Amino acid sequence: MSVIVFAENSEGLFKKSSLEAVFYAHELGKLVQQKCIAISIGQVSEENLKLLATYGADQILTIDQAETTHFNSELYAELLANTAQSFNAKQVVFANTYSGKLIAPRVAGILNASIASNVISLPALENGFTVKRSVFSGKAIANVALNSDTKVLSIAPNTFTIAAINKEATIEKIQTAVSLETAKTKSLELSKQAGKIALTEAELVVSAGRGMKGPEHWGMVEQLADILGAATACSKPVSDMHWRPHSEHVGQTGITIKPNLYIAIGISGAIQHLAGVSSSKVIVAINKDPEAPFFKAADYGIVGDAFEVLPQLIDAAKSIQS
Amino acid sequence: MKILVCISNVPDTTTKVAFIENETKFNTSGVQYIINPYDELALTKALEITEKSGGTVTVIHVGTAESEASIRKALAIGANDAVRINAAANDASFVADQIASYAATQNFDLIFTGRESIDYNGGMVCGILAAKLKLPSVQVITSLEIEGNTAIMERDIDGGKEKVSCPLPMVVSAQKELTEPRIPNMRGIMAARTKPLQVIEPSASNHLTAVLSYQLPPAKGSCKMIDANNAKELIRLLHEEAKVI
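Those sequence lines, one after another, are chains C and F. Everything in the first sequence is counted per our numbering, starting at 1292 for the first residue and increasing by one. Everything in the second sequence is counted per our numbering, starting at 52 for the first residue and increasing by one.
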């Protein structure tokens, strides 16, 4: 029996969320006394593959064949489900990123496995197999029992602090018969914003709302984000008015994030917005209304006008970074 | 084009989340239930497709009679007919199994779900359902055009967007931006009363997971206020005290 973890790469480099998943799988392996096998799909250098052992993999399998050059959820799910079966995996671990969310449920469907997404704890084994998962966009936590023999866990990014374990692991290249017939979805065009930090994976986020008065004033928000190395986000009204793209909208009907730092500028803090960001480790609220509900959910607050506060923050951030 | 839209019934976004019976049940008292917003977008998109090139839209819901108001609303927005599978929907695998058993007999060209339900945030039904039906799936789509027998879509990926194509039949999940929701008009509301709503009993299937208890996240401590004229102090605190920058 084993714990299998999918370590997704982006252009040959493992993402932080993948290393978190590997570390989680290692810790889980210790609990259930099974070895942790990391699977990489696509082209990754041996040096980079070794990073998976650094964060706890006992064994590394790499699948790199013509069919796997491009990410394809159907194909990847089939490969992972097949590998999970041949290695008698009882737990299959994913990072709950957009790609993890695509593959994990398909793998669960193929394996008839129980599945929990947004997982924020290691399992408790006293009473079967239970994990905590974030629900109601972070407004609550559910304690969920997974009752089938095989379990799929998709873990929330930026939740588990990783530490180097420095294992010695074998790297084995495996070949799996897959037919491209499986891969019906074809990628036509990829557009990633170069140099921009993906909001879903960002550790620092600078977010702004209607208090910015118009899209023409976002330069200051972006400047502060740039200096801090943060991603930018916005509130629902701002994306509804098309001041900013929908992909930046955080909140209950946008995306839920949990960065280390969330700075909210000119956002009042409606319950739907707070739901999407309240799991952030440190929250800063900047608002000219001292009664803004955001201050009740924040760690640090400034009552003041964004147009007066932001330039000061930009200057101070510059001096810290230099 | 024969389209199936899976809808779920969720507490509206202003709901104050609380639990009862020793923190084992969500407190539904005074809670207003709505069609899950992403499912509503899926429904609207399905209607746009059939209005343009013909076809029917069926909505399916796994749930008890208490959800009928949401189903009637879906019919009022414009779905042709509805199916309710009469069982509490407590587990994504169970819901996907139930929908798969129904869909397997019906030859749908396109099946929609929402990106995730706004209460349990699982985001799993689309993928499990597609795997059960052995169909391709494309999740979190922000646009969809049908060209002949192929769907051309854009979907959100980590850090950007991807344009993909996929032959029908397939399963998709709707993300915000796909379209704008519709408000049902009086004619739609009247018509919904007489549209067919079929109630079927669930097929044999297990719940693979169960929620044992809930808890609220730890409360925040007090907020440390910083003078607006000395805003640079915030950067110092974030750097030296919170150590996040």
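Yeah, the Cβ is synthetic: ideal placement off N, Cα and C, and Gly gets one too. Bear in mind that the values here come from a model prediction, so they are computed numbers and not experimental data.
Have a look at C:1447, C:1444, C:1390, C:1508 and flag the residue whose alpha-carbon is nearest the alpha-carbon of residue 210 of chain F. Taking only the C-alpha atoms, the option nearest residue 210 of chain F is C:1390.
Neighbour flag for residue 1286 of chain C against chain F, beta carbons, 7 angstroms: With chain C covering 1292 to 1613 only, the question about residue 1286 of chain C has no answer from this structure.
Look at the Cβ atom of residue 192 of chain F, then the Cβ atom of residue 223 of chain F, and state whether they are nearer than 7 angstroms. A contact, by the Cβ cut-off of 7 angstroms.
On the DSSP bridge list, what partners appear for residue 1346 of chain C? Under DSSP, no beta-bridge partner is assigned to residue 1346 of chain C.
With DSSP as the reference, label residue 267 of chain F as helix, strand or coil. It is coil, neither helix nor strand.
Within the 7 angstroms Cβ cut-off, does residue 1568 of chain C reach chain F? So, not an interface residue.
Quick one: which residues of the stretch 151 to 177 of chain F get their C-beta closer than 8 angstroms to a C-beta of chain C? List them in chain order. When C-beta distances to chain C are compared with 8 angstroms, the residues of the stretch 151 to 177 of chain F below that value are 169, 170, 171, 172, 173, 174, 175, 176, 177, in chain order.
Could you spell out the range, first to last residue, of the alpha helix (DSSP H) harbouring residue 1518 of chain C? Per DSSP, residue 1518 of chain C belongs to the alpha helix (DSSP H) from 1509 to 1519.
State the DSSP-derived secondary structure class of residue 204 of chain F, mapped to helix, strand or coil. Three-state result, residue 204 of chain F: strand.
Which runs of the alpha helix (DSSP H) fall wholly inside the stretch 1398 to 1470 of chain C and span at least 4 residues, in chain order? Qualifying alpha helix (DSSP H) stretches: none in this window.
Cβ atoms of residue 1325 of chain C and residue 1377 of chain C: under 7 angstroms apart, would you say? No, the pair does not count as a contact, with Cβ atoms beyond the cut-off.
Residues that residue 84 of chain F bridges to, as DSSP identifies them: Its beta-bridge partners are F:62.
Check the Cβ-Cβ distances between residue 54 of chain F and every residue of chain C, and say whether any is below 7 angstroms. Interface flag for residue 54 of chain F against chain C is unset, since no Cβ pair is found closer than 7 angstroms.
Of all the CB atoms in chain C, is at least one closer than 7 angstroms to the CB of residue 216 of chain F? Contact with chain C is found for residue 216 of chain F, since one of that chain's Cβ atoms lies less than 7 angstroms from the residue's Cβ.
Who are the neighbours of residue 296 of chain F on chain C, taking C-beta pairs under 8 angstroms? Chain C residues near residue 296 of chain F: 1495, 1519, 1552, 1608, 1611.
Are any of the Cβ atoms in chain F nearer than 7 angstroms to that of residue 1512 of chain C? Not an interface residue.
So, helix, strand or coil for residue 97 of chain F, using DSSP? In this structure, residue 97 of chain F counts as helix in the three-state DSSP scheme.
Name, please, each residue of chain F whose Cβ falls closer than 9 angstroms to the Cβ of residue 1481 of chain C. By Cβ distance, chain F contributes 208, 211, 212, 213, 214.
Are the C-beta atoms of residue 82 of chain F and some chain C residue less than 7 angstroms apart? With 7 angstroms as the cut-off, residue 82 of chain F does not count as an interface residue toward chain C.
Distance between beta carbons of residue 1431 of chain C and residue 267 of chain F, contact taken as under 8 angstroms: Sure, about 6 angstroms apart at Cβ, within 8 angstroms.
Would DSSP call residue 1480 of chain C helix, strand or coil? DSSP places residue 1480 of chain C in the strand class (E or B) of the three-state scheme.
In chain F, what lies closer than 8 angstroms to residue 1385 of chain C by C-beta? Ordered by position in chain F, no residue passes the 8 angstroms Cβ test against residue 1385 of chain C, which lies about 11 angstroms from the chain.
Answer yes if the stretch 1573 to 1593 of chain C comes into contact with the stretch 239 to 259 of chain F, meaning at least three C-beta pairs across the two stretches below 8 angstroms, and no otherwise. The stretch 239 to 259 of chain F, when compared against the stretch 1573 to 1593 of chain C, does not touch it at the 8 angstroms Cβ threshold.
Between residue 190 of chain F and chain C, is the shortest Cβ-Cβ distance under 7 angstroms, so that the two count as touching? In terms of beta-carbon proximity, residue 190 of chain F lines the interface with chain C, with at least one pair separated by less than 7 angstroms.
Taking 7 angstroms as the threshold (beta carbon to beta carbon), is residue 274 of chain F in contact with chain C? Cβ-Cβ to chain C under 7 angstroms: yes for residue 274 of chain F.
For residue 217 of chain F and residue 1478 of chain C, the rounded distance between their alpha carbons: Put simply, the backbone Cα of residue 1478 of chain C is about 9 angstroms away from that of residue 217 of chain F.
Under the assumption that residue 136 of chain F contacts residue 113 of chain F (Cβ atoms under 8 angstroms), give the Cβ distance between them as a whole number of angstroms. Confirmed, Cβ separation roughly 5 angstroms.
Could you tell me whether the stretch 81 to 91 of chain F touches the stretch 115 to 133 of chain F, where touching means 3 or more Cβ pairs closer than 8 angstroms? As far as the Cβ criterion goes, the stretch 81 to 91 of chain F touches the stretch 115 to 133 of chain F, which means the pair count is three or higher.
How about residue 276 of chain F: is its Cβ closer than 6 angstroms to a heavy atom in the ligand HEM? Although the ligand HEM was asked about, the structure shown includes no ligands whatsoever.
Contacts of residue 1560 of chain C in chain F (Cβ-Cβ under 9 angstroms): Within chain F, no residue comes near residue 1560 of chain C; the closest Cβ sits about 11 angstroms away, beyond 9 angstroms.
What in chain F is Cβ-close to residue 1437 of chain C, meaning under 8 angstroms? By Cβ distance, chain F contributes 259, 260.
Which of the three DSSP states is assigned to residue 1297 of chain C in this structure? In this structure, residue 1297 of chain C counts as strand in the three-state DSSP scheme.
Quick one: list the residues of chain C neighbouring residue 271 of chain F, beta-carbon separation under 9 angstroms, in chain order. Under the 9 angstroms cutoff, chain C gives 1569, 1574, 1587, 1588, 1589, 1590.
CB-CB under 8 angstroms to residue 1405 of chain C, same chain, minus the five flanking residues each way: which ones, in chain order? Same-chain partners within the cutoff: 1399, 1437, 1438, 1439, 1441, 1442, 1443.
Short check: CB of residue 1392 of chain C to CB of residue 187 of chain F, under 7 angstroms? The criterion of a C-beta distance shorter than 7 angstroms is not satisfied by residue 1392 of chain C and residue 187 of chain F.
Got a sec: which bits of the stretch 275 to 287 of chain F sit with their beta carbon under 9 angstroms from any beta carbon on chain C, in order along the chain? For the stretch 275 to 287 of chain F, which is checked against every Cβ of chain C, the residues closer than 9 angstroms are 275, 276, 277, 278, 279, 280, 281, 282, 283, 284, 285, 286, 287.
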